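Worksheet: one structure, shown below.
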Amino acid sequence: MHKIYVAMVGLPARGKSTLARRLREGLAAEGIKAEIFNNGDVRRTLLGTESTDPDFYNSENAFGREAREMICRRNLELAGDWLNKGGEVAILDATNASQARRAMLEQTISGWPVLFVECVNEDSLLLDACIRRKAGLPEYANFTRDAALENFLTRIAYYEAIYRPLEREKFWIRVDSTANRVIDERPCEDSPYYPLIREILVGFWIKSLFLVRHGQTEFNAWGRIGGDPMLTAKGREQARSMAYNLENEDIDWLFTSTSLRSHETAAPLLAKKSGMRTMALKEFDELWAGDCEGMRYSEIREKMPEVTAGRNADKYRYAYPNGESYAMLRNRVQCGLRRALFLAGGAPLVIVGHQAVNRVLITLFLRCRNEDVPYIYIPQNQYYHISLTSHRKIFERISYSSCMSLQNKISSSHVCRC
Ligand code: F6P
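Taking the numbering used here, I'd label the letters of the sequence shown as residues 136 to 553.
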């Protein structure tokens with residue numbers, strides 16, 4: 136019977152555990168028994184806070200070195216026992232940063248292949264966010280924020296000193312964990328699990344993404360473009376309806392652009408779901424209209440006919456004077472989506488975007504001809520719900536039930552929460 140060990144590789148805070156969880160879920164969805172064996176869990180159980188001291192990770196520290204070796208072997212034993220009892224894919228979640236450690240794994244494991252999965256994350260914004268998140272884990276409960284951060288950065292520096300990328304190992308795959316991309320690989324072609332593991336590692340993996348456009352603004356009401364306008368009364372009502380419709384959804388993260396209208400739209404949902412984490416990403420700012428920012432379409436037609444003509448001829452590629460085209464927007468929106476998905480780590484998320492931004496976001500999931508992108512309908516009283524995993528592909532547009540109609544449906548003794 137085929138079985139396999141998957142050993143994660145990478146410096147701390149590079150997305151290894153997120154990918155390990157995604158692998159377990161993706162394999163389970165296909166009926167394959169996969170389990171994660173985390174060196175850190177064994178370490179915390181055996182050594183507790185003793186192993187929080189950064190010097191524990193110094194390769195010059197004999198006690199730390201031997202303890203970490205012992206923990207790795209113990210974890211391997213647990214994984215081996217589990218495979219012997221009917222498990223199919225044992226995922227070893229650890230840094231496995233040095234070649235010596237990986238050689239030890241290859242020599243110790245017999246009977247089944249070991250596939251190394253190296254996670255690379257070179258996006259400084261994401262790296263910083265991950266490091267800060269890790270420094271807030273229970274392991275650092277007795278530290279101040281700054282002391283925890285310093286401690287964790289010292290630990291990373293010790294790992295950097297011994298870290299070598301995959302190269303000599305028999306089977307491996309190196310992925311950019313922020314971009315769903317294989318950088319290089321030495322495939323384990325004989326394993327029936329390899330194609331699925333590869334697909335899970337680099338495919339879109341989104342449990343639930345709610346894509347919302349901000350509510351109506353003063354500029355929308357006047358046919359003006361760009362700027363940083365506030366919502367109208369109607370826009371605020373749309374924002375409350377959005378919150379009402381999404382408040383019972385299981386959502387962990389909310390991303391906005393840096394514009395007021397995006398923040399104002401998000402506010403009612405944030406007020407209802409205070410546990411949600413939130414971040415404004417400039418990558419989700421609306422298409423920049425350059426010299427035409429703040430103008431009405433009719434005014435542009437009159438005063439700058441060449442702009443209207445250029446857009447009519449090729450709206451996807453035409454860039455406003457000193458501004459952007461949809462083709463340019465696509466690059467930064469794609470970067471924003473990568474960041475949002477990485478930070479959410481597979482958990483459900485909302486993005487409160489804009490007309491052009493949401494058009495581009497949609498086409499990152501749905502195939503569409505470039506020339507059609509700038510004409511996709513993006514209403515302000517509906518949201519898109521997207522779910523893409525290896526066994527579930529959902530793409531739907533849902534109308535908000537307005538607060539008023541919902542209020543009418545509930546008994547008069549209840550108070551509308553809008
Ligand atoms: O009109 C609202 C708006 O978000 C503008 O700020 C932006 O320039 C425009 O939509 C993008 O849509 P289109 O490319 O169709 O003009």
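Think of the CB as a built atom: it goes at the ideal place given N, C-alpha and C, for glycine as much as any other residue. The structure displayed is predicted, hence computed values, not measured ones.
Backbone CA spacing between residue 310 and residue 317 [nearest angstrom]: 4 Å
Whole-angstrom C-beta distance between residue 482 and residue 388, which should lie under 8 Å: 6 Å
Span of the alpha helix (DSSP H) around residue 343: It is not in any alpha helix (DSSP H) - residue 343 instead sits in the beta strand (DSSP E) that spans 341 to 348.
Near the ligand F6P: residue 346 beta-carbon under 7 Å from a heavy atom: Residue 346: no, Cβ never under 7 Å from the ligand F6P.
Beta-ladder partner(s) of residue 488, from DSSP: According to DSSP, residue 488 bridges with 348.
Neighbourhood of residue 307 by C-beta, 6 Å cutoff - its chain only, sequence neighbours within 5 removed: 251, 301 and 321
Distance between residue 408 and residue 354 (C-alpha atoms, nearest Å): A straight-line Cα-Cα distance of about 29 Å links residue 354 and residue 408.
Inter-residue spacing [alpha-carbon to alpha-carbon] between residue 503 and residue 418: 21 Å
Supposed contact pair residue 461 and residue 555 - C-beta distance, whole angstroms, cut 8 Å: Given that the chain is displayed from residue 136 to residue 553, the structure contains no residue 555 and the question cannot be resolved.
Cβ neighbour criterion (16 or more within 10 Å) applied to residue 455: buried
Length-filtered (3 minimum) beta strand (DSSP E) runs lying within the region 214 to 264: Within the region 214 to 264, the complete beta strand (DSSP E) runs of at least 3 residues are 224 to 228 and 249 to 255.
Alpha carbon of residue 453 to alpha carbon of residue 501, nearest angstrom: 22 Å
C-alpha gap between residue 198 and residue 529, whole angstroms: 51 Å
Under the three-state DSSP convention, the category residue 366 falls into: strand
Residues passing the C-beta test against the ligand F6P heavy atoms, cut-off 6 Å: 355, 360, 361, 421, 422, 424, 489, 490, 491 and 509
Collapsed DSSP secondary structure at residue 517 in the structure displayed: strand
Reduced DSSP secondary structure (H/G/I, E/B, other) of residue 421: coil
Cβ neighbours of residue 209 in the same chain (closer than 7 Å, five flanking residues each side left out): 177
Residue environment, residue 242, which counts as buried when at least 16 other CB atoms sit within 10 Å: exposed
Cutoff 8 Å: residue 377 Cβ touching any chain D Cβ: Among the chains of the structure shown, chain D does not appear; only one protein chain is present.
Residue 415 versus residue 390: straight-line alpha-carbon distance, rounded: 6 Å
Residues of its chain near residue 543, where Cβ-Cβ distance is below 7 Å and the 5 sequence neighbours each way are ignored: With a pLDDT of only 48 at residue 543, under the threshold of 50, the placement of this residue in the model should not be trusted; the figure read from the coordinates follows. Closer than 7 Å at the Cβ level, and outside the excluded window around residue 543, lies no residue.
Residue 526 versus residue 248 - alpha carbon distance: 26 Å
Spatial neighbours of residue 299 in its chain, beta-carbon cut-off 8 Å, leaving aside the 5 residues before and after: 232, 233 and 234
Beta carbon of residue 224 nearer than 8 Å to that of residue 141: Result yes, Cβ atoms of residue 224 and residue 141 sit closer than 8 Å.
Length of the line joining the Cα atoms of residue 533 and residue 423: 28 Å
Residue of 420, 513, 393 and 380 minimising C-alpha distance to residue 403: Residue 380 is the option with its Cα nearest to residue 403.
Whole runs of the alpha helix (DSSP H) within the region 371 to 443, excluding any shorter than 4 residues: 395 to 407 and 432 to 438
Range covered by the alpha helix (DSSP H) that runs through residue 355: 353 to 357
Bounding residues of the beta strand (DSSP E) (the contiguous stretch that carries residue 529): Counting along the chain, the beta strand (DSSP E) containing residue 529 begins and ends at 528 to 534.
Within 8 Å, strictly: CB atoms of residue 193 and residue 294: no
Contact under 8 Å by Cβ, residue 338 with residue 352: no
Nearest candidate by alpha-carbon position, reference residue 340, set 359, 406, 312 and 364: Out of 359, 406, 312 and 364, 312 has the C-alpha closest to the C-alpha of residue 340.
Cβ pair count under 8 Å reaching 3, the region 356 to 374 against the region 429 to 441: Three or more Cβ pairs closer than 8 Å define a contact, and the region 356 to 374 meets that threshold against the region 429 to 441.
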